[in-house]
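Trainee:
Chains as they are written, first to last, in my numbering: chain Y, 273 to 527; chain E, 196 to 535.
1) In terms of residue numbering, what span does the alpha helix (DSSP H) encompassing residue 312 of chain Y cover?
2) Flag this pair as touching only if the segment 327 to 340 of chain E and the segment 371 to 390 of chain E have three or more C-beta atom pairs under 8 Å; answer yes or no.
3) Would residue 318 of chain Y pass as a contact of residue 268 of chain E if the rule is Cβ separation under 8 Å?
4) Between which two residues does the beta strand (DSSP E) harbouring residue 439 of chain Y extend?
5) Does the CB of residue 271 of chain E have a neighbour CB from chain Y at under 8 Å?
6) Closer than 6 Å by C-beta to residue 446 of chain E: which residues in its own chain qualify, once you throw out the five before and the five after it? Chain order, please.
7) Is there a C-beta anywhere in chain E that falls below 8 Å from the one on residue 355 of chain Y?
8) At a Cβ threshold of 8 Å, is residue 259 of chain E touching chain Y?
9) Flag residue 523 of chain Y as yes if its beta-carbon sits less than 8 Å from any beta-carbon of chain E, otherwise no.
10) Does chain E have any CB closer than 8 Å to the CB of residue 321 of chain Y?
11) So, using beta-carbon positions, are residue 366 of chain Y and residue 418 of chain E closer together than 8 Å?
12) Could you say if the segment 428 to 436 of chain E and the segment 461 to 469 of chain E meet the contact criterion of at least three C-beta pairs nearer than 8 Å?
13) Inspect the beta-carbon positions of residue 280 of chain E and residue 324 of chain E and report whether they are closer than 8 Å.
14) Classify residue 286 of chain Y: buried if its beta carbon has 16 or more other beta carbons within 10 angstroms, exposed otherwise.
15) What first and last residue would you give for the beta strand (DSSP E) that runs through residue 455 of chain Y?
16) Check distances from the C-beta atoms of the segment 293 to 307 of chain Y to those of chain E and list, in chain order, the residues that come in under 8 Å.
17) Between the segment 459 to 472 of chain E and chain Y, which residues of the former have CB atoms less than 9 Å from a CB of the latter, in chain order?
18) Should residue 535 of chain E be flagged as near chain Y, meaning a C-beta pair shorter than 8 Å?
19) According to DSSP, what are the bridge partners of residue 300 of chain Y?
20) Indicate whether at least one CB of chain Y lies closer than 8 Å to the CB of residue 434 of chain E.
21) For residue 436 of chain Y, which three-state DSSP category applies?
22) Under the three-state reduction of DSSP, which class applies to residue 475 of chain Y: helix, strand or coil?
23) Per the contact definition of three or more C-beta pairs closer than 8 Å, is the segment 292 to 304 of chain E in contact with the segment 362 to 373 of chain E?
24) Are any of the Cβ atoms in chain Y nearer than 8 Å to that of residue 256 of chain E?
25) Can residue 346 of chain E and residue 321 of chain E be called in contact, C-beta distance under 8 Å?
26) Could you check what DSSP says for residue 511 of chain Y in three-state terms: helix, strand or coil?
27) Mind checking who residue 416 of chain Y pairs with in its DSSP beta bridge?
28) Where does residue 329 of chain Y land, buried or exposed, given buried means 16+ other C-beta within 10 angstroms?
29) For residue 447 of chain Y versus residue 389 of chain Y, is the C-beta distance shorter than 8 Å?
30) Against chain Y, does residue 515 of chain E count as a neighbour if the rule is that its beta carbon must be under 8 Å from one of theirs?
31) CA-CA distance, residue 349 of chain E and residue 371 of chain E?
32) Along chain Y, in chain order, which residues have C-beta atoms closer than 8 Å to that of residue 390 of chain E?
33) Mind listing the chain E neighbours of residue 439 of chain Y? Cutoff is C-beta to C-beta under 8 Å, in chain order.
34) Going straight from the alpha carbon of residue 515 of chain E to that of residue 360 of chain E, what length do you get?
35) Can you check which of these residues, Y:275, Y:380 and Y:300, is closest to residue 239 of chain E by C-alpha distance?
36) Between Y:385, Y:412, Y:436 and Y:524, which lies nearest to residue 254 of chain E when the distance is taken from Cα to Cα?
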């Protein structure tokens with residue numbers, strides 16, 4: 273019975289974060305949703321079936337089952353569990369599956385924020401994704417909204433320096449810097465799940481730092497690096513801010 | 196739970212007629228447990244609004260995000276593997292495998308390893324499937340070759356590797372060659388030196404059909420799911436505690452960088468379908484070191500060690516995991532030296 277309930281809890285929790293809310297976006301990529309819904313539903317149904325079976329024939333001891341099997345004319349040794357425990361009780365390690373359920377409901381883990389991004393402060397940030405065909409030129413006078421990953425890519429990896437003089441708008445959360453007059457607007461980049469998240473950071477100058485971990489929209493222009501000798505990817509690119517606005521956290525917190 | 200009820204006799208049970216009158220009734224706890232369950236769900240829902248807002252420690256939050264992410268991300272693959280394994284147990288007759296695989300075990304190992312290429316999943320799916328194969332009478336060494344090869348050489352993983360390393364098709368080739376090589380070698384070594392008492396071969400009921408399917412799926416899911424959580428706990432803790440800067444500091448020493456990335460692959464426990472992107476982001480390291488990361492990760496990592504120990508027994512994991520790790524590091528160093 274207990275094992276049916278564990279499955280029910282786990283399946284319910286997974287469905288709760290994937291089918292009935294967008295919480296799953298804190299943990300995995302958006303494309304993962306259908307798989308989560310299917311998996312949650314399978315676990316849930318398995319729990320229901322287990323409960324129904326348990327309800328129809330409440331716990332038959334092993335000896336009794338063998339006796340019944342013999343009566344039914346089957347070989348009793350057909351029910352030999354090579355590893356010496358009674359399957360109707362279920363493995364004890366299964367109780368651990370309640371831990372992620374408790375974590376989901378009681379801690380309600382938020383999207384990775386400044387704590388995770390700041391952990392990588394001492395190591396060089398990741399390189400920009402290599403864009404083989406090059407970046408399209410930026411047109412228009414209005415500020416151009418772009419992902420932080422694209423800004424970093426254009427700043428480091430664009431031979432045409434398309435960012436020069438253009439106003440752009442970046443959305444991310446605030447990370448403090450060790451330098452006094454700058455702070456970072458950052459976004460975590462996922463490849464599969466939050467365990468492999470990488471921080472993408474842009475240093476912001478010319479505006480006071482909002483409180484740590486607030487989501488902001490920064491409008492400003494790129495500051496081209498003074499020396500071209502610095503190898504790509506050893507420092508975050510910089511920008512001068514014109515305006516900084518607080519915004520609510522986007523539904524999709526990662527890039 | 197319900198069998199615990201047998202022990203909960205009232206203290207005066209000695210004086211009561213034998214057998215006690217409670218025998219033959221439905222288990223007396225049966226009506227209680229559903230209420231416990233309802234209460235638990237209530238606590239969880241209320242706790243979501245009363246407790247969660249007060250847990251604000253960023254380290255704990257980051258840890259729990261990574262822990263939940265690892266579990267949530269692995270669950271669909273685990274469920275897929277468990278269902279496939281249960282289907283193998285319940286619907287595929289044992290005679291199928293004796294026909295499909297070569298009769299001689301030494302020939303069956305490479306065939307089973309290469310067959311891993313058709314299972315589109317990650318390492319969480321392959322453990323229950325390998326256990327289902329063994330339960331159906333496939334030579335354990337062949338099932339182990341399948342276990343090691345399938346998460347590394349299936350089409351989904353190879354395509355994601357090609358995407359993560361654009362313009363470097365030799366990386367995909369090297370990954371395929373090294374992973375299949377390690378899987379076959381490990382299978383052969385197990386066949387030659389392995390002893391049956393080390394490996395706990397899960398045996399299944401002789402039953403077939405939907406009932407057996409349900410029983411196998413339920414048992415495997417509870418079992419493997421529990422050990423997945425153990426692995427997730429360990430991986431999330433190390434992920435938060437160990438700073439990545441320690442690792443990049445050693446990138447310049449060739450042999451050390453290979454070992455460090457092998458260790459990182461074990462610790463991070465990233466799904467094999469995503470590890471290529473992480474490897475590509477470790478730019479400070481040599482291609483051979485990245486290849487090591489890609490070969491070791493799908494074969495040996497914390498959550499996989501927990502899953503293997505839970506499924507096949509601790510004495511198996513204690514021998515098989517080091518064997519695979521050494522083979523994987525050597526094979527990727529050799530392949531990297533020749534191909535990259």
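Note that beta-carbon positions come from the ideal geometry of N, C-alpha and C, so glycine has one too.
Keep in mind it's a predicted model, so treat the numbers as computed, not measured.
Mentor: So, from the listed chains and residues:
1) Against the first chain, residue 312 of chain Y aligns to sequence position 40. Taken as a continuous stretch (DSSP letters only), the alpha helix (DSSP H) holding residue 312 of chain Y covers 305 to 328.
2) yes
3) For the purposes of this step, residue 318 of chain Y is taken as the residue at position 46 of the first chain. For the purposes of this step, residue 268 of chain E is taken as the residue at position 73 of the second chain. Result no, Cβ atoms of residue 318 of chain Y and residue 268 of chain E do not sit closer than 8 Å.
4) In the first chain, residue 439 of chain Y corresponds to position 167, counting from 1. First-last of the beta strand (DSSP E) with residue 439 of chain Y: 439 to 448.
5) Stepping through the second chain from its first residue, residue 271 of chain E is reached at position 76. Yes, its Cβ sits closer than 8 Å to a Cβ of chain Y.
6) Reading the second chain from its first residue, position 251 is the one you call residue 446 of chain E. Contacts found: 452, 479 and 480.
7) Taking the first chain and counting its residues from 1, one reaches residue 355 of chain Y at position 83. Here residue 355 of chain Y scores only 42 on pLDDT, less than 50, and its place in the model should not be relied on; the value that follows carries that caveat. For residue 355 of chain Y, the answer is yes, since a Cβ of chain E falls inside 8 Å of its Cβ.
8) Locating residue 259 of chain E in the second chain gives position 64, counting from the first residue. Chain Y contact via Cβ: present.
9) Translated into positions along the first chain, residue 523 of chain Y becomes position 251. Answer no: the Cβ-Cβ gap between residue 523 of chain Y and chain E never drops below 8 Å.
10) The sequence position of residue 321 of chain Y within the first chain is 49, counting from 1. Yes - at least one Cβ of chain E is within 8 Å of the one on residue 321 of chain Y.
11) In the first chain, residue 366 of chain Y corresponds to position 94, counting from 1. In the second chain, residue 418 of chain E corresponds to position 223, counting from 1. In this structure, residue 418 of chain E lies closer than 8 Å to residue 366 of chain Y by Cβ.
12) yes
13) Taking the first residue of the second chain as position 1, residue 280 of chain E is located at position 85. Taking the first residue of the second chain as position 1, residue 324 of chain E is located at position 129. Yes, these two residues count as a Cβ contact at 8 Å.
14) Along the first chain, read from residue 1 onward, the residue named residue 286 of chain Y stands at position 14. Under this definition residue 286 of chain Y is a buried residue.
15) Here residue 455 of chain Y refers to the residue found at position 183 when the first chain is read from its first residue. Element bounds for residue 455 of chain Y: 454 to 461.
16) 296, 298, 299, 300, 304 and 307
17) 463, 464, 465, 466, 468, 469, 470, 471 and 472
18) For the purposes of this step, residue 535 of chain E is identified with residue 340 of the second chain, where counting begins at 1. Not an interface residue.
19) The residue labelled residue 300 of chain Y in the question sits at position 28 within the first chain. According to DSSP, residue 300 of chain Y bridges with Y:465.
20) The sequence position of residue 434 of chain E within the second chain is 239, counting from 1. With 8 Å as the cut-off, residue 434 of chain E counts as an interface residue toward chain Y.
21) By one-based count along the first chain, residue 436 of chain Y stands at place 164. Reduced to three states, the DSSP call for residue 436 of chain Y is coil.
22) Here residue 475 of chain Y is taken as the residue at index 203 of the first chain, counted from 1. Strand at residue 475 of chain Y.
23) no
24) Counted from its first residue, the second chain places residue 256 of chain E at position 61. With 8 Å as the cut-off, residue 256 of chain E counts as an interface residue toward chain Y.
25) As a first step, residue 346 of chain E must be located in the second chain, where it is residue number 151. As a first step, residue 321 of chain E must be located in the second chain, where it is residue number 126. Yes, they are a contact pair.
26) Taking the first chain and counting its residues from 1, the one referred to as residue 511 of chain Y is at position 239. Three-state DSSP puts residue 511 of chain Y in a strand.
27) Locating residue 416 of chain Y in the first chain gives position 144, where the first residue counts as 1. Y:440, per the DSSP bridge assignment.
28) Counted from its first residue, the first chain places residue 329 of chain Y at position 57. The residue is exposed, with fewer than 16 neighbouring Cβ atoms inside 10 Å.
29) Here residue 447 of chain Y refers to the residue found at position 175 when the first chain is read from its first residue. Here residue 389 of chain Y refers to the residue found at position 117 when the first chain is read from its first residue. Yes, they are a contact pair.
30) In the second chain, residue 515 of chain E corresponds to position 320, counting from 1. So no, residue 515 of chain E is outside the interface.
31) To locate residue 349 of chain E, count along the second chain from 1; it is residue 154. To locate residue 371 of chain E, count along the second chain from 1; it is residue 176. The straight-line gap from Cα to Cα measures roughly 9 Å.
32) Against the second chain, residue 390 of chain E aligns to sequence position 195. Per Cβ cutoff of 8 Å: no residues; residue 390 of chain E is ~16 Å from chain Y at best.
33) In the first chain, the residue the question calls residue 439 of chain Y occupies position 167. By Cβ distance, chain E contributes nothing, its closest Cβ being about 29 Å from residue 439 of chain Y, past 8 Å.
34) Position 320 of the second chain, counted from the start, is the residue given in the question as residue 515 of chain E. Position 165 of the second chain, counted from the start, is the residue given in the question as residue 360 of chain E. Near 31 Å, if we compare the C-alpha coordinates of residue 360 of chain E and residue 515 of chain E.
35) Taking the second chain and counting its residues from 1, one reaches residue 239 of chain E at position 44. Comparing Cα positions, the closest option is Y:380.
36) Reading the second chain from its first residue, position 59 is the one you call residue 254 of chain E. Closest option to residue 254 of chain E, Cα to Cα, is Y:385.
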